[in-house]
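Data first, discussion second: the structure below is written as structure tokens.
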Amino acid sequence: MAEFVLRPVVDADAEEVGTAHVRIWQQTYAGMMDQAKLDALQPEQRITRWRKQIIPGQATQEAVGQAVTRCAVDPLTGRIAGFGTAGQPRDDDAPRATELWSLNVLPEFHGTGAAAQLLAALVGDRPAYLWVASQNARAIAFYRKHGFALDGVGQYDEEWACDESRMVRG
């Protein structure tokens with residue numbers, strides 16, 4: 028397992044991360060989410076979002092303990108393998124004080140340790156929870172391996188037409 032370089036996402040990463048974001052979603056969620064919306068995703072939209080919203084807000088969010096965002100960089104190629112964010116819960120009835128908001132890894136980096144290293148950097152071994160696409164068996168198995176369990180709570184994401192299941196650890 029390679030040791031990835033874990034660091035904040037910087038402005039120079041926006042194009043690579045935005046493009047990866049779209050590719051990950053289109054490949055991972057095909058058949059699980061609204062396919063027309065997935066097909067309509069454009070890298071430029073995500074690049075702009077990363078540049079204008081996510082990257083500038085990282086330092087402030089981290090300083091006040093609201094959220095932390097990290098990317099995993101392949102030390103051999105310098106490519107960004109994945110990225111994720113964890114922080115304060117976004118749910119009123121949160122079962123834990125920390126929520127893993129997102130964890131996205133390019134398919135060619137599945138099984139390399141990138142996701143595990145990102146998860147460790149984002150939430151460590153703290154109690155946490157997350158929402159996962161109910162049909163995403165690969166992600167559910169990954170989170171189970173890292174101590175999360177389905178707690179029987181589900182929700183429907185109207186925007187993406189996707190059933191989600193909550194997983195909790197600790």
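In the working numbering, the protein residues as written are 28 to 197.
The beta carbon of each residue, even a glycine, is placed where N, CA and C say it ideally should be.
| query | result |
| --- | --- |
| Thinking just about the alpha-carbon of each residue, which of W158, V100, W77, G140 is nearest to the one in D184? | W158 |
| Got a sec, what are the start and stop residues for the alpha helix (DSSP H) D66 sits in? | 62-67 |
| Using a threshold of 8 Å, state whether the C-beta atoms of V49 and Q69 are closer than that. | yes |
| Just the Cα atoms here: how many angstroms apart are G174 and G181? | 19 Å |
| What is the rounded straight-line gap between the Cα of P154 and the Cα of L177? | 14 Å |
| In chain order, what residues of the same chain lie with their CB nearer than 7 Å to the CB of M59, ignoring the 5 residues before and after it? | A160, Q162, N163, C189 |
| When we look at the beta-carbon of L103 and count the other beta-carbons within 10 Å, is it buried (16 or more) or exposed? | exposed |
| Within a Cβ cutoff of 6 Å, which residues of the same chain sit near P134, ignoring the five residues on either side of it in sequence? | Q54 |
| When burial is assigned at 16 or more other CB atoms within 10 Å of the CB, is A99 buried or exposed? | buried |
| Terminal residues of the continuous beta strand (DSSP E) containing Q162? | Per DSSP, Q162 belongs to no beta strand (DSSP E) and is neither H nor E. |
| What residue does the alpha helix (DSSP H) around V32 start on, and which one ends it? | V32 -> not in any alpha helix (DSSP H); beta strand (DSSP E) instead, spanning 32-34. |
| Does the distance from the C-beta atom of Q85 to that of P35 stay below 8 Å? | yes |
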